[in-house]
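One structure is given below, encoded as structure tokens.
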Amino acid sequence: MSQLRALLRTTAVRLSALYLGLFAISAVVLVFYVTDMTTSLLTNQTKHVVQDELKVLGNFYRRGGVPLLITHIDRRSREPSANLYTIAAPNGSILAGNVASLQPGILDRQGWTERPFSYRRFYQPEGAPGHQALAEVIFLPNGMRVLVGRDLGEPTQFRTTIRRSLAIALGIMVVGALLIWFFIGRGALHRIDRVSQASQKIMAGDLGQRLPVSGSGDEFDRLSGALNAMLGRIEKLNEGLRQVSDNIAHDLKTPLTRLRNRAEAALSGADDAAEYRSAMEDMIEESDQLIRTFNALLTISRVEAGSAVAEMNDVDLSQIAHDTEELYEPLAEEAGVLISSAIADGIHVSGNRELIGQAFSNLIDNAIKYSADNQAEAKVVICLENVDGKKVLSVRDNGPGIPENRRQDVIKRFVRLDESRSKPGTGLGLSLVEAIMGMHGGQLVLESNGESGQTGLHAMMVFG
Amino acid sequence: MKILVIEDDLEAAAYLIKAFNEAGIVTDHASDGDTGFYLATENIYDVLVIDRMLPKRDGLSIISDLRKKSIETPILILSALGQVDDRVTGLRAGGDDYLPKPYSFSELLARVEVLGRRKGMRDNETVYKVADLELDRLAHEVHRAGQKINLQPREFRLLEYLMKHAGQVVTRTMLLENVWDYHFDPQTNVIDVHISRLRSKIEKGYDEALLRTVRGAGYILKSDS
Chain A
105 MSQLRALLRT TAVRLSALYL GLFAISAVVL VFYVTDMTTS LLTNQTKHVV QDELKVLGNF
165 YRRGGVPLLI THIDRRSREP SANLYTIAAP NGSILAGNVA SLQPGILDRQ GWTERPFSYR
225 RFYQPEGAPG HQALAEVIFL PNGMRVLVGR DLGEPTQFRT TIRRSLAIAL GIMVVGALLI
285 WFFIGRGALH RIDRVSQASQ KIMAGDLGQR LPVSGSGDEF DRLSGALNAM LGRIEKLNEG
345 LRQVSDNIAH DLKTPLTRLR NRAEAALSGA DDAAEYRSAM EDMIEESDQL IRTFNALLTI
405 SRVEAGSAVA EMNDVDLSQI AHDTEELYEP LAEEAGVLIS SAIADGIHVS GNRELIGQAF
465 SNLIDNAIKY SADNQAEAKV VICLENVDGK KVLSVRDNGP GIPENRRQDV IKRFVRLDES
525 RSKPGTGLGL SLVEAIMGMH GGQLVLESNG ESGQTGLHAM MVFG
Chain B
14 MKILVIEDDL EAAAYLIKAF NEAGIVTDHA SDGDTGFYLA TENIYDVLVI DRMLPKRDGL
74 SIISDLRKKS IETPILILSA LGQVDDRVTG LRAGGDDYLP KPYSFSELLA RVEVLGRRKG
134 MRDNETVYKV ADLELDRLAH EVHRAGQKIN LQPREFRLLE YLMKHAGQVV TRTMLLENVW
194 DYHFDPQTNV IDVHISRLRS KIEKGYDEAL LRTVRGAGYI LKSDS
């Protein structure tokens, strides 16, 4: 019962009830209009026929008077037809014709009968329901009455047929609509029930749940598909968030512990000012690294929040490439890394110079860091070029590279392939590059540096 | 030097006042925007350190109101927002420098000292001199003890900035900002390497080391004699 009530409340039922109602009303109106038009058409035709007959009979009367008129009425009455003929004495008694009896009073008035009247023919038994007819009555100068009319059987039958078919059609419509409501509505209700069950599980915390998709590609599937995509994104974000908080806890706990240990060691050690001083300086450096990590985290989350946070201007990428190369060149030299570049001139993008510069510095910084100790001939190549209409700022190194299956991981926050964490770094560099590229509608692409079978990484900032 | 710190976080303010006093800087404190604005208009300070978000009156509106009253005291903005464009809006409102939280006190101190000595600064001097080191800003030449030293353009700008602020600590971020016009924190010691290159050019073969590292803070160019 409650299911039926739920069914009746569905949109499908409400809409189809509305349409059914409108359709039924218009069908009824149409049918009445058609029958009315047809009836009046047939009535007019009847009147024409009757008047023609009267004209002919009038001719006979003028030629041979009453006797000829009666002869012809008698003759016509024997022919099978829907026409009625009657000639009656002034007192109303029928003298000739094909009518046995008439509705009383019909012969008392000259002219067209206003409404259909009933009559009986000779072959009909007395008391049987009479036929309906329209007729014109004429009084002869001697007081006799002549009636010529036509049976209305045809139009009446026509009207009855149309009305009956209307009733049948409406009946079928109503029954059909009820069946359709029931099945469609119940189907829709079923699917919605399943969707809300799934949503309830999701709300209970199971973000892995997905809304059911039937595979038919209908509107429910499309909606479920879109919601599932949204859930996927939420799950990914949630996963990222959890991972980040785990990592923050871990990555900040380590330096904090180190910081604390140093303070403790200094306190428990010898009471020496120089010793204290050096411990304090170490601690300041350690805290600076912590602040750096925090700043990087903040920048990432702000950049990820969207392009609204930074002013976008016309930026000279070529200039940034040159500046950054120049900034890192001494560092590379000190690390024993040969840095070279192929920078196309005059390449501009719309963006934020600060952020692009920071992103590119991160890539160069990584390249120098990781190529430095791996090769006898460490090389870093900076490149800015137009590739298929895209502007690509890239850094190649010949360090150990990143295995293909880890390339997505290193973009995540705090993920570092170097498990021992022997190299300095926050583990946030590539995350920041990725976030900045996302804000600029571009991409960070990591490939292996395929040059002459070397290992190494080819990190590209691809601007749309 | 006398400065005013407008900061509503009382603990942070107490720490700043103590630290500034230890560095020999007289520090007044206001804990809300209205008091801060009043103090800044009634007294003469060398530097104003203004937190961006304050009760009663927002930091940026204090700055633009002060500038409207033609009070040109150098202003350093402290901000917890740290959004990419915060610096730009802060400087547009009339601030002179900007430091996002969390910051290290050495960074703040170095910046305040640079701002505080800006009045009567050496912008008009065409030749900077520290001991026997000379930098000619017009001729783009550097000499030490009368001998010419060849520097790359960027090395020249680096030395120029250090000499302009001779005797003051300049931090790595200050150098990156003023010499390279980048406002981010490089992850590694890029600046250190530039400094050591510069150092080898201006100090190799000479007795006195002029460019010194201040641990935990930055660099200072000065002569003991």
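Chains as they are written, first to last, in my numbering: chain A, 105 to 568; chain B, 14 to 238.
Where is the CB? At the ideal position from N, CA and C, for every residue including glycine.
These numbers come from a predicted model, not from an experiment.
- With a beta-carbon spacing of about 5 Å, B:V192 and B:R170 fall inside the 8 Å limit used to define contacts.
- If you draw a 10 Å sphere on the C-beta of A:I506, you find 16 or more other C-beta atoms in it, and that means buried.
- Those residues of the region 435-465 of chain A placed with their C-beta closer than 7 Å to a C-beta in chain B are L435, E438, N456, E458, L459, G461, Q462 and S465, ordered along the chain.
- Under the criterion of beta carbons closer than 8 Å, A:L211 and A:R249 qualify as touching, at roughly 5 Å.
- Counting only runs that start and end inside the region 484-512 of chain A, the beta strand (DSSP E) elements of at least 3 residues fall at 494-501.
- In this structure, the alpha-carbon of A:R166 lies about 17 Å from that of A:V252.
- Remark: three or more beta-carbon pairs, one from each stretch, lie closer than 8 Å, so the region 386-400 of chain A and the region 528-540 of chain A are flagged as touching.
- Taking 8 Å as the threshold, the shortest C-beta distance from A:D376 to chain B does not fall below it.
- A:R109 sits exposed, since fewer than 16 C-beta atoms from the chains shown fall within 10 Å of its C-beta.
- The beta-carbon of A:N332 is placed no less than 8 Å from the nearest beta-carbon of chain B.
- Within chain B, no residue has its CB atom less than 7 Å from the CB of A:E390, the nearest being about 10 Å off.
- Within chain B, V203 have C-beta atoms less than 7 Å from the C-beta of A:Y432, given in sequence order.
- A:T428 is not bridged by DSSP to any residue.
- Excluding the 5 residues flanking it on each side, A:I395 has no same chain C-beta neighbour closer than 8 Å.
- The Cβ neighbour count for A:G196, taken over all protein chains shown within 10 Å, is under 16; the residue is labelled exposed.
- Judged by DSSP secondary structure, A:F286 falls outside any alpha helix (DSSP H); it is assigned neither H nor E.
- Neighbourhood of A:I395 in chain B, by CB distance below 9 Å: P115, Y116, S117 and D198, in chain order.
- Per DSSP, reduced to three states, the secondary structure at A:K159 is helical.
- Take the alpha-carbon of A:R406 and the one of B:I16: they are about 32 Å apart.
- A contact between stretches requires three or more CB pairs, one per stretch, nearer than 8 Å, and the region 475-486 of chain A meets this requirement with the region 494-501 of chain A.
- For B:Y141, the nearest beta carbon of chain A is not closer than 8 Å to its own beta carbon.
- For A:N399, the uninterrupted alpha helix (DSSP H) run begins and ends at A377 to E408, by DSSP.
- When the beta-carbon positions are compared, B:R150 and A:P434 stay at least 8 Å from each other.
- Contact of A:F398 with chain B by beta-carbon distance below 8 Å involves P115.
- For B:D64 against B:D21, the beta-carbon gap comes to about 6 Å, under 8 Å, which counts as contact.
- Within the same chain, E216 come within 7 Å of B:A222 by CB-CB distance, once the 5 residues on both sides are set aside.
- Straight-line measurement puts the Cα of A:S318 at about 14 Å from the Cα of A:L331.
- Boundaries of the beta strand (DSSP E) around A:M565: L561 to F567.
- When the alpha-carbon of B:R212 is set against those of B:G229, B:M176, B:H196 and B:A93, the nearest one is in B:M176.
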